[in-house]
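K.L.:
Input: one structure, supplied below.
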Amino acid sequence: MKHLPTEPYKGVRDFYPEDMAVQQHIFNTWSRTAESFGFERYDASVLEPSEIYKSKGAENEEMVNEQTYTFTDRGDREVTLRPEMTPTVARMIAGKSKELAFPVRWYSIPNLFRYERTQRGRVREHWQLNCDIFGSNDIVADIEIIALAYQTLINFGAQPEMFEIRVNDRREMKEFYESLGISDEEIITKITRLNDRFHKIDRSLYLAELRQITPDSADAILAHLEESSQSENEVTRGLNAVGINNVKIDRSLARGFDYYTGTIFEFFDTDPSNNRSMLGGGRYDNLTGLFTSEAVSGVGFGMGDVTMRDFLDTHGLLPAKKAGAQVIVILTEERFNIDGEKVAMKLRGVGVPTLVDISTKKLGKKVAAADHSGAGYILVVGEDEVSRGEYVLKNLADGTEMSGTLEDLAQGLAV
RNA sequence: GCGACUAUAGUUUAGUGGUAAAACUCAGGUUUGUGGAUCCUGUGUCGAGAGUUCGAUUCUCUCUAGUCGCCCCA
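One point on numbering: in the numbering used here, the residue at position 208 of the first sequence is 208, and numbering is uninterrupted.
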């Protein structure tokens, strides 16, 4: 018989226990940090009506058709597996726009799906921390959201030198282009698209292409762009004031062609082997326009688990392997297995994670396996222990033993 | 959508136009109630199909899968 492949579907991942341990560490750090800033968690289904992704024009329609998982359900509704969280949360905010006490701080860790060509750091399914402040037009909201992203990396154990925050502002850029007499959206889009490649291509090539778009203003745009790392704005000054200094203005920063209307930012890994954007976000006006005439603004960011994992791996910040149980109960013979479960139930009852080794290995192998698993203690159950009602708890790290009734031992281990 | 590279044991890799290796992992034994050791044992249609050849895992072609880039990146 021909068997099915054991590989997961293209572009998605299996989480074996050791992978899941890392995943939990990432999720825990994400939510702990967001909640330390007073953010509240929300979530929604992975299924959304396709139109909430399409309704931003032909460009979006094309994106949805080519880069999402979209299908028609049995009721002839067009459905999409959510590729991003922002339209969903915009829908939810709009639904309650009259009863929410703005500003609100919300976060979520959604599973997102994109039909893409896979490559390093890009898969078809990932998890993303999404943090947003809705309903505040104060620049301090922009500063706080960047500070939250910064603190998240710090809480993973990162040093500020390991990454760099690049900030730009859509409105400032628009004003700058207008000061040069450029107001044509199409031209600005072309310039922005080229700017996005600024760090990837040669300076002379950049200038040559820029001259093709806008011959008269090319030199001024290049100069403006090159001096940006020397300059500052309200956001960078605010970040410096709260002790965040690995930040600079980068006027080449583009962030695609999404809904951002003000501040935009990205965090870059400074390690050359992982030199890529780790997270990004920005400010948008009237996020809720699709759903209601109540205009609600927002500022937020998204940070993926895949890029986070790459970052932690690159900088040696992945956590050490964690044990599945603190105590492993070992039986000398199979006939004691129920006695073993009784012992385990006692320990679990006082909050000690306990498992019973029900394998058929020999005693020595079981001890070795327990040690290998990272458990803290073993407790052997056999003829003597059951008849006497006294047990020996052995600490695997230092070899010390503690003996007594189950009650005594449970007391000693209780958390 | 375009391009490059790769495919050998569970994993990571060596290797050869003439019957395929190592390390690690795992399982069992060495060891009848106590430690990551030692030693022994175990597992492969060399990605699939076709061609060249006396003979192909090795060379050629096609396909498939994966990786990495470009494009795009909400």
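Heads up, the beta-carbon is just placed ideally off N, CA and C, and yes, glycines get one too. Keep in mind the model is a prediction, meaning the values are calculated, not measured.
1) Please state whether the Cβ-Cβ distance between I26 and F156 is less than 9 Å.
2) Indicate the three-state DSSP secondary structure (helix, strand or coil) for M85 in the structure shown.
3) Looking only at its chain, what residues have a beta carbon closer than 8 Å to the beta carbon of D19, apart from the 5 residues adjacent to it on each side?
4) Buried or exposed: where does T86 fall if 16 or more other Cβ atoms within 10 Å of its Cβ makes it buried?
5) Flag this pair as yes or no: are the beta carbons of L239 and I221 separated by less than 9 Å?
6) Per DSSP, E125 forms a beta bridge with which residues?
7) Pull up the distance between the alpha-carbon of R193 and that of A368, whole angstroms please.
8) At 3 residues or longer, and completely inside the segment 311-363: list those beta strand (DSSP E) runs for me, N to C.
9) With distances taken Cα to Cα, identify the nearest neighbour of Y9 among P103, V123 and E78.
10) Pull up the DSSP beta-bridge partners for E40, would you.
11) On the premise that N130 lies in contact with G300, defined as a C-beta separation below 8 Å, what is that separation, rounded to the nearest angstrom?
12) Nearest to R41 by CA position, among E51, D132, W127 and G121, is which residue?
13) Decide if D371 is buried, meaning its Cβ has at least 16 other Cβ atoms within 10 Å, or exposed.
14) Using three-state DSSP, classify Y284 as helix, strand or coil.
15) Between which residues of its own chain and V242 is the CB-CB distance below 8 Å, once the five residues before and five after are set aside?
16) Just to confirm, are I93 and F134 a CB contact at a threshold of 9 Å?
17) Under the three-state reduction of DSSP, which class applies to T405: helix, strand or coil?
18) Could you compute how far the alpha carbon of S97 sits from the alpha carbon of I328?
19) Roughly how many whole angstroms lie between the Cα atoms of G340 and I330?
20) Curious, which full-length beta strand (DSSP E) runs of at least 3 residues does the segment 153-199 contain?
21) How about G316 and D285: do their beta carbons lie closer than 9 Å?
22) Can you check whether the CB of K361 is closer than 9 Å to the CB of L379?
23) Compute the Euclidean distance between the alpha carbons of E385 and G404, then round it to the nearest angstrom.
24) Would you mind stating whether A141 and R237 have Cβ atoms separated by less than 9 Å?
25) For Q119, count the other beta carbons within 10 Å of its own beta carbon; 16 or more makes it buried, fewer makes it exposed. Which is it?
26) Is T292 helix, strand or coil by DSSP?
27) Could you check whether R105 and L290 sit closer than 9 Å to each other, using their CB atoms as the reference points?
28) Which residue from R166, G351 and E383 puts its Cα closest to that of I338?
29) Closer than 8 Å by C-beta to T88: which residues in its own chain qualify, once you throw out the five before and the five after it? Chain order, please.
30) What does the alpha-carbon distance come out to for the pair Y260 and R170?
31) What does the alpha-carbon distance come out to for the pair V22 and R335?
32) So the alpha helix (DSSP H) E227 belongs to, where does it begin and stop?
33) Would you kindly work out how many angstroms separate the C-alpha atoms of E161 and T314, rounded to a whole number?
34) Check for me: the alpha helix (DSSP H) holding N274 runs from which residue to which?
35) Only counting the same chain, and skipping five residues up and downstream in sequence, which positions put a Cβ closer than 6 Å to that of A34?
36) Just verifying my parser: in three-state terms, what is the DSSP assignment at T68?
P.N.:
The relevant details are as follows:
1) Walking along the first sequence from the start, residue 26 turns up at place 26. Walking along the first sequence from the start, residue 156 turns up at place 156. Judged by their CB atoms, I26 and F156 are nearer to each other than the 9 Å cut-off.
2) To locate residue 85, count along the first sequence from 1; it is residue 85. The three-state secondary structure of M85, taken from DSSP, is coil.
3) The count along the first sequence starts at 1 and reaches residue 19 at position 19. If the five residues before and after D19 are omitted, its C-beta is found closer than 8 Å to the C-beta atoms of R13, all from its own chain and listed in chain order.
4) Locating residue 86 in the first sequence gives position 86, counting from the first residue. That one is buried.
5) Counting from 1 along the first sequence, the entry for residue 239 is found at position 239. Counting from 1 along the first sequence, the entry for residue 221 is found at position 221. No; because the gap between Cβ atoms is not below 9 Å, this pair is not in contact.
6) Stepping through the first sequence from its first residue, residue 125 is reached at position 125. E125 pairs with F113.
7) Here the question's residue 193 lines up with position 193 in the first sequence. Here the question's residue 368 lines up with position 368 in the first sequence. Answer to the nearest angstrom: the Cα atoms are 59 Å apart.
8) The qualifying runs are 327-331 and 354-357.
9) If you number the first sequence from 1, residue 9 lands on position 9. Measuring from the Cα of Y9, the nearest candidate turns out to be V123.
10) Within the first sequence, residue 40 is the residue found at index 40, counting from 1. Partner(s): W106.
11) Here the question's residue 300 lines up with position 300 in the first sequence. Here the question's residue 130 lines up with position 130 in the first sequence. The pair is a contact, with the Cβ atoms about 7 Å apart (cut-off 8 Å).
12) Mapped onto the first sequence, residue 41 falls at position 41. Ranking E51, D132, W127 and G121 by Cα distance to R41 puts D132 first.
13) Locating residue 371 in the first sequence gives position 371, counting from the first residue. That one is exposed.
14) Start at 1 with the first residue of the first sequence, and residue 284 comes out as number 284. The three-state reading of DSSP puts Y284 in strand, counting E and B together.
15) Taking the first sequence and counting its residues from 1, the one referred to as residue 242 is at position 242. If we look at V242 and ignore the five residues flanking it on each side, its Cβ neighbours are I143 and A147.
16) Locating residue 93 in the first sequence gives position 93, where the first residue counts as 1. Locating residue 134 in the first sequence gives position 134, where the first residue counts as 1. In this structure, F134 lies closer than 9 Å to I93 by Cβ.
17) Stepping through the first sequence from its first residue, residue 405 is reached at position 405. T405: coil per DSSP, three-state reduction.
18) As a first step, residue 97 is located in the first sequence; it is residue number 97 there, counting from the start. As a first step, residue 328 is located in the first sequence; it is residue number 328 there, counting from the start. Rounded to the nearest angstrom, the two C-alpha atoms are 53 Å apart.
19) Walking along the first sequence from the start, residue 340 turns up at place 340. Walking along the first sequence from the start, residue 330 turns up at place 330. Just so you know, the alpha carbons of G340 and I330 end up roughly 7 Å apart.
20) Qualifying beta strand (DSSP E) stretches, in chain order: 163-169.
21) Position 316 of the first sequence, counted from the first residue, corresponds to residue 316. Position 285 of the first sequence, counted from the first residue, corresponds to residue 285. No, they are not a contact pair.
22) Here residue 379 corresponds to residue number 379 of the first sequence, with the count starting at 1. Here residue 361 corresponds to residue number 361 of the first sequence, with the count starting at 1. No, the pair does not count as a contact, with Cβ atoms beyond the cut-off.
23) As a first step, residue 385 is located in the first sequence; it is residue number 385 there, counting from the start. As a first step, residue 404 is located in the first sequence; it is residue number 404 there, counting from the start. Approximately 10 Å, taken between the alpha carbons.
24) The sequence position of residue 141 within the first sequence is 141, counting from 1. The sequence position of residue 237 within the first sequence is 237, counting from 1. Cβ distance not < 9 Å, so A141 and R237 don't count as in contact.
25) Locating residue 119 in the first sequence gives position 119, counting from the first residue. Answer is exposed; the Cβ neighbour count stays below 16.
26) Within the first sequence, numbered from 1, the residue matching residue 292 stands at position 292. Here DSSP, grouped into helix, strand and coil, assigns T292 to coil.
27) As a first step, residue 290 must be located in the first sequence, where it is residue number 290. As a first step, residue 105 must be located in the first sequence, where it is residue number 105. Result no, Cβ atoms of L290 and R105 do not sit closer than 9 Å.
28) The count along the first sequence starts at 1 and reaches residue 338 at position 338. The shortest Cα separation from I338 among R166, G351 and E383 belongs to E383.
29) Within the first sequence, residue 88 is the residue found at index 88, counting from 1. Here T88 has A44, E48, I52, R82 and P110 as same chain residues with Cβ atoms under 8 Å from its own Cβ, once five neighbours each way along the sequence are excluded.
30) Translated into the one-based positions of the first sequence, residue 260 becomes position 260. Translated into the one-based positions of the first sequence, residue 170 becomes position 170. A straight-line Cα-Cα distance of about 7 Å links Y260 and R170.
31) What you label residue 22 is simply residue 22 of the first sequence in a count that begins at 1. What you label residue 335 is simply residue 335 of the first sequence in a count that begins at 1. A straight-line Cα-Cα distance of about 37 Å links V22 and R335.
32) Against the first sequence, residue 227 aligns to sequence position 227. Careful: E227 lies outside any alpha helix (DSSP H) and carries neither H nor E.
33) Within the first sequence, residue 161 is the residue found at index 161, counting from 1. Within the first sequence, residue 314 is the residue found at index 314, counting from 1. E161 and T314 have their C-alpha atoms roughly 13 Å apart.
34) As a first step, residue 274 is located in the first sequence; it is residue number 274 there, counting from the start. For N274, there is no enclosing alpha helix (DSSP H), since its DSSP letter is neither H nor E.
35) Here residue 34 refers to the residue found at position 34 of the first sequence. Annotation for A34: Y107 and C131 place their beta carbon closer than 6 Å to its own, counting only its chain and skipping 5 residues before and after.
36) Sequence index remark: in the first sequence, residue 68 carries index 68 (1-based). In the displayed model, T68 falls within coil according to three-state DSSP, outside both helix and strand.
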